[in-house]
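Engineer: Heads up: the sequence shown begins at 320 in my numbering, then just goes up one per residue.
Here it is: the structure, laid out below.
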Amino acid sequence: MTASPWPRIIAHADMDAFYASVEQLDDPLLRGKPVIVGPRSRRGVVLTASYEARPFRVGSAMPMAKALARCPHALVVPPRFGRYEAISRLVMRAFADFSPVVEPISLDEAFIDLTGTLHQHGTPAIAARRIKEAVFAATGLTVSVGVSATKFVAKVASGYSKPDGLTVVPPEAAVKWLAPLPVASLWGVGAKTEARLMALGYRTVADIAGADPARLQKQLGSLGAHLRALANAQDPRPVARRRVAHSMGSDRTLEQDAVTDAEVRRYLKRSADRLGRRLREKQLKAGGVRVRLKTADFRLLTRQVLLTEPTDVAEELFRVAIPLADALRAQGPFRLVGMAVYELHARDGSEQFDLFASRDRQQRLERAMDAVSHRFGDISLRRARDIARPGTVMGDAPTLDGLQYEETDEESQEAGDWHAEEFWQEPP
Ligand SMILES: [Mg+2]
320 MTASPWPRII AHADMDAFYA SVEQLDDPLL RGKPVIVGPR SRRGVVLTAS
370 YEARPFRVGS AMPMAKALAR CPHALVVPPR FGRYEAISRL VMRAFADFSP
420 VVEPISLDEA FIDLTGTLHQ HGTPAIAARR IKEAVFAATG LTVSVGVSAT
470 KFVAKVASGY SKPDGLTVVP PEAAVKWLAP LPVASLWGVG AKTEARLMAL
520 GYRTVADIAG ADPARLQKQL GSLGAHLRAL ANAQDPRPVA RRRVAHSMGS
570 DRTLEQDAVT DAEVRRYLKR SADRLGRRLR EKQLKAGGVR VRLKTADFRL
620 LTRQVLLTEP TDVAEELFRV AIPLADALRA QGPFRLVGMA VYELHARDGS
670 EQFDLFASRD RQQRLERAMD AVSHRFGDIS LRRARDIARP GTVMGDAPTL
720 DGLQYEETDE ESQEAGDWHA EEFWQEPP
């Protein structure tokens with residue numbers, strides 16, 4: 320008996336505890352020990368925990384103080400993004416040997432479209448094993464791979480038996496395979512949506528898959544149809560070949576040096592707005608923010624910070640940039656003010672529908688502004704409080720009432736936008 324043909328073959332490959340594994344690779348003294356990659360400050364958050372730390376219930380995005388309370392003997396190692404980027408290049412190059420269509424999601428994770436490659440590999444399982452071998456040969460690190468006919472199921476499958484996992488879910492088995500998983504496995508279900516679904520009596524993926532569509536629509540609006548499709552293993556999105564940047568920046572060399580706090584903040588605000596918009600355009604979120612200031616005698620000063628949660632919201636970028644700039648303020652005046660974002664991750668669709676998240680309002684506001692900017696030009700729209708009045712940029716949280724159209728003579732293109740270190744070359 321032959322299995323039914325696969326309409327598409329999509330692999331999702333995800334390095335195991337990537338940052339921590341790189342640190343253990345480079346430093347033998349860290350091997351076999353619980354390692355936490357993150358800032359040494361107890362107020363920071365865990366970026367990655369090694370598998371030795373996970374039995375202590377230490378995981379990504381957990382406050383460092385909590386992680387160290389749970390695992391006091393963990394070794395904390397500050398992140399070395401340059402090194403992770405170098406290894407990421409090797410990983411992505413290995414993926415590119417298997418398909419011209421690779422979609423990186425972050426430094427250590429990508430979708431690979433294997434449709435039409437089976438004449439080379441035999442079966443999806445053999446292809447997945449070869450991907451794992453190629454990555455190990457190139458880096459000495461393990462990767463977990465999931466394969467199915469949709470991005471969603473492939474992604475869930477890669478996380479199914481980590482570390483060093485290999486899970487193949489044939490299309491005809493996908494709905495049954497998803498059925499017992501908790502609703503939180505569905506893209507679009509964050510903590511708040513999960514609580515809401517539980518309160519409505521939906522516990523497993525099967526509960527959503529079999530729910531009455533009209534009832535779901537009434538309870539959850541458009542989110543209902545989205546979740547029900549995923550629960551039934553329906554996800555038509557293609558693997559999109561693309562490039563991912565390591566960092567992007569927006570600087571401005573000033574005609575007159577910025578002297579006051581208000582001036583510095585106004586330029587930072589503009590950089591944050593531009594970076595937020597570019598992140599949203601590219602469907603990326605930033606995990607780190609760097610402020611760059613150049614003094615009148617041409618010294619470049621930088622300060623950076625990792626965010627507790629990646630964002631594409633300009634207001635959030637701006638808020639963390641302020642104290643960074645304030646710390647350098649005494650060395651002014653400045654002839655260049657700017658900021659950059661780094662630790663970039665692709666949005667995988669998991670947050671677009673998190674209707675109950677508190678930051679949703681700011682996100683909607685900024686996306687609405689994107690749409691207007693697109694139609695009417697780059698800076699046709701500003702929040703009223705951002706119009707060049709020194710001291711006004713620090714107002715209360717913006718509301719839709721604060722929106723105002725403004726015609727302006729300013730040039731629409733900032734000279735200092737840059738896009739650093741493209742690491743993902745499209746295959747020839
Ligand atoms: Mg990973």
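All C-beta atoms in this analysis are idealised placements derived from N, C-alpha and C, irrespective of residue type, glycine included.
(1) Who are the Cβ neighbours of R611 in its own chain at under 8 Å, not counting the five residues just before and after it?
(2) Can we count F337 as close to ligand 1, meaning its CB is less than 6 Å from some heavy atom?
(3) Does DSSP put A468 in a helix, in a strand, or in coil?
(4) Cutting at 7 Å between CB atoms, please list the residues of its own chain near K613, excluding the five before and the five after it.
(5) If distances are taken between C-alpha atoms only, which option among D616, Q553, R593, T434 comes closest to L636?
(6) Please report the straight-line C-alpha distance between G553 and A530, rounded to a whole angstrom.
(7) Using a threshold of 6 Å, is the CB atom of D570 nearer than that to any non-hydrogen atom of ligand 1?
(8) Is DSSP giving L394 helix, strand or coil here?
(9) Please check the pair V396 and V354, which I expect to be a contact at CB under 8 Å, by giving their CB distance rounded to whole angstroms.
(10) Using 10 angstroms around the beta-carbon of T367, count the other beta-carbons present and answer buried if the total reaches 16, otherwise exposed.
(11) Counting Cβ pairs, one atom from each stretch, are 3 or more of them under 8 Å apart for the region 483–492 and the region 452–463?
(12) Say yes only if the C-beta of D333 is nearer than 6 Å to one or more non-hydrogen atoms of ligand 1, and no if none qualify.
(13) Sorted by chain position, which residues of the same chain lie with C-beta nearer than 7 Å to G543's C-beta, five sequence neighbours on each side aside?
(14) Across which residues does DSSP place Y661 in a beta bridge pair?
(15) Between the C-alpha atoms of A615 and E574, what's the straight-line distance to the nearest angstrom?
(16) Spatial neighbours of C390 within its chain, please: CB distance less than 6 Å, with the 5 preceding and 5 following residues excluded, ordered by chain position.
(17) Would you kindly work out how many angstroms separate the C-alpha atoms of W325 and L587, rounded to a whole number?
(18) Using 6 Å as the cut-off, classify the Cβ of D427 as near or not near the heavy atoms of ligand 2, replying yes or no.
(19) Using only CA atoms, which one of F430, R408, D416, T469 lies nearest to R327?
(20) Span of the alpha helix (DSSP H) holding E404?
(21) Mind checking whether P382 and V410 have CB atoms under 7 Å apart?
(22) Could you give the distance in angstroms between the alpha-carbon of A533 and the alpha-carbon of L519?
(23) Are the beta-carbon atoms belonging to A336 and A429 less than 7 Å from one another?
(24) Check this for me: beta carbons of V502 and V488, under 7 Å apart or not?
(25) Would you list the one or two residues that DSSP bridges to R571?
(26) For S340, does the count of other Cβ atoms within 10 angstroms reach 16, so buried, or fall short, so exposed?
(27) So L643 and H565 are in contact, right, with Cβ under 8 Å, and what is the actual spacing, rounded?
(28) Compute the beta-carbon to beta-carbon distance between T523 and L500, rounded to the nearest angstrom, for a pair I have assumed lies under 8 Å.
(29) Taking Cβ positions, are Y752 and P398 nearer each other than 7 Å?
(30) Using 10 angstroms around the beta-carbon of S360, count the other beta-carbons present and answer buried if the total reaches 16, otherwise exposed.
(31) If you check the beta carbons only, do L433 and A330 fall under 7 Å apart?
(32) Which residues bound the beta strand (DSSP E) around R622?
(33) Quickly, what does DSSP pair A649 with across the bridge? List them, please.
(34) Going by DSSP, what residue range makes up the beta strand (DSSP E) through L485?
(35) First and last residue of the alpha helix (DSSP H) that includes F337?
(36) In whole angstroms, what is the alpha-carbon distance linking M334 and L598?
Structural biologist: Put simply:
(1) Residue 611 sits at position 292 when you count from the first residue of the sequence shown. These residues qualify, in order along the chain: G568, D570, L619, L620, T621, L655, V656, G657, M658, A659.
(2) Your numbering for residue 337 matches position 18 in the sequence shown. It does: the Cβ of F337 is within 6 Å (strictly closer) of some heavy atom of ligand 1.
(3) In the sequence shown, the residue the question calls residue 468 occupies position 149. In the three-state scheme derived from DSSP, where H, G and I count as helix and E and B as strand, A468 is classed as coil.
(4) Along the sequence shown, read from residue 1 onward, the residue named residue 613 stands at position 294. Cβ within range, chain order: L619, F653, R654, L655.
(5) Along the sequence shown, read from residue 1 onward, the residue named residue 636 stands at position 317. The shortest C-alpha separation from L636 is found at R593.
(6) For this step, residue 553 is matched to residue 234 along the sequence shown. For this step, residue 530 is matched to residue 211 along the sequence shown. The sequence shown places Gln at residue 553, not Gly. A straight line joining the alpha-carbon of Q553 with that of A530 spans about 15 Å.
(7) Residue numbering aside, residue 570 sits at position 251 when the sequence shown is read from its first letter. For ligand 1, no non-hydrogen atom lies closer than 6 Å to the CB of D570.
(8) Translated into positions along the sequence shown, residue 394 becomes position 75. Taken through DSSP and simplified to helix, strand or coil, L394 comes out as strand.
(9) Taking the sequence shown and counting its residues from 1, one reaches residue 396 at position 77. Taking the sequence shown and counting its residues from 1, one reaches residue 354 at position 35. About 6 Å separates the beta carbon of V396 from that of V354, a gap short enough to meet the 8 Å contact definition.
(10) Here residue 367 corresponds to residue number 48 of the sequence shown, with the count starting at 1. When all chains shown are included, T367 counts as buried.
(11) Proximity of the region 483–492 to the region 452–463 meets the contact definition, three or more beta-carbon pairs being nearer than 8 Å.
(12) For the purposes of this step, residue 333 is taken as the residue at position 14 of the sequence shown. A heavy atom of ligand 1 is found nearer than 6 Å to the CB of D333.
(13) Counted from its first residue, the sequence shown places residue 543 at position 224. These residues qualify, in order along the chain: L535, Q536.
(14) In the sequence shown, the residue the question calls residue 661 occupies position 342. DSSP lists S566, G607 as partners of Y661.
(15) As a first step, residue 615 is located in the sequence shown; it is residue number 296 there, counting from the start. As a first step, residue 574 is located in the sequence shown; it is residue number 255 there, counting from the start. Looking at the backbone, the Cα of A615 and that of E574 are separated by about 12 Å.
(16) Counted from its first residue, the sequence shown places residue 390 at position 71. If you ignore the 5 residues before and after C390, its C-beta comes within less than 6 Å of the C-beta of P353, A372, F375, V377, all in its own chain and listed in chain order.
(17) Mapped onto the sequence shown, residue 325 falls at position 6. Mapped onto the sequence shown, residue 587 falls at position 268. Distance from the CA of W325 to the CA of L587, rounded to the nearest whole angstrom, comes to 50 Å.
(18) What this structure holds is ligand 1, not ligand 2.
(19) Here residue 327 corresponds to residue number 8 of the sequence shown, with the count starting at 1. Here the closest residue by C-alpha is T469.
(20) Stepping through the sequence shown from its first residue, residue 404 is reached at position 85. It spans 400–415 - the alpha helix (DSSP H) in which E404 sits, taken as one unbroken run.
(21) Along the sequence shown, one-based indexing puts residue 382 at 63. Along the sequence shown, one-based indexing puts residue 410 at 91. No, these two residues do not count as a Cβ contact at 7 Å.
(22) By one-based count along the sequence shown, residue 533 stands at place 214. By one-based count along the sequence shown, residue 519 stands at place 200. Using only the alpha carbons, I get a separation of about 15 Å.
(23) Here residue 336 refers to the residue found at position 17 of the sequence shown. Here residue 429 refers to the residue found at position 110 of the sequence shown. No.
(24) Within the sequence shown, numbered from 1, the residue matching residue 502 stands at position 183. Within the sequence shown, numbered from 1, the residue matching residue 488 stands at position 169. No; because the gap between Cβ atoms is not below 7 Å, this pair is not in contact.
(25) Counting from one through the sequence shown, the residue named residue 571 turns up at place 252. R571 pairs with V656.
(26) Taking the first residue of the sequence shown as position 1, residue 340 is located at position 21. Buried, by the Cβ-count rule.
(27) As a working note, residue 643 is residue 324 in the sequence shown. As a working note, residue 565 is residue 246 in the sequence shown. Going by Cβ atoms, the distance from L643 to H565 rounds to 19 Å, so no, they are not a contact pair.
(28) The sequence position of residue 523 within the sequence shown is 204, counting from 1. The sequence position of residue 500 within the sequence shown is 181, counting from 1. About 7 Å separates the two Cβ atoms, so the contact holds.
(29) The structure shown does not extend to residue 752, since the chain is modelled only from 320 to 747, so the question has no answer here.
(30) Working through the sequence shown from its first residue, we reach residue 360 at position 41. S360 comes out exposed.
(31) Taking the sequence shown and counting its residues from 1, the one referred to as residue 433 is at position 114. Taking the sequence shown and counting its residues from 1, the one referred to as residue 330 is at position 11. Yes, the pair counts as a contact, with Cβ atoms nearer than the cut-off.
(32) In the sequence shown, counting from the first residue as 1, residue 622 sits at position 303. Counting along the chain, the beta strand (DSSP E) containing R622 begins and ends at 619–630.
(33) For the purposes of this step, residue 649 is taken as the residue at position 330 of the sequence shown. A649 is not bridged to any residue.
(34) Taking the sequence shown and counting its residues from 1, the one referred to as residue 485 is at position 166. Run containing L485: 485–487, per the beta strand (DSSP E) assignment.
(35) Sequence index remark: in the sequence shown, residue 337 carries index 18 (1-based). Taken as a continuous stretch (DSSP letters only), the alpha helix (DSSP H) holding F337 covers 337–345.
(36) If you number the sequence shown from 1, residue 334 lands on position 15. If you number the sequence shown from 1, residue 598 lands on position 279. Their backbone Cα atoms lie some 24 Å apart in a straight line.
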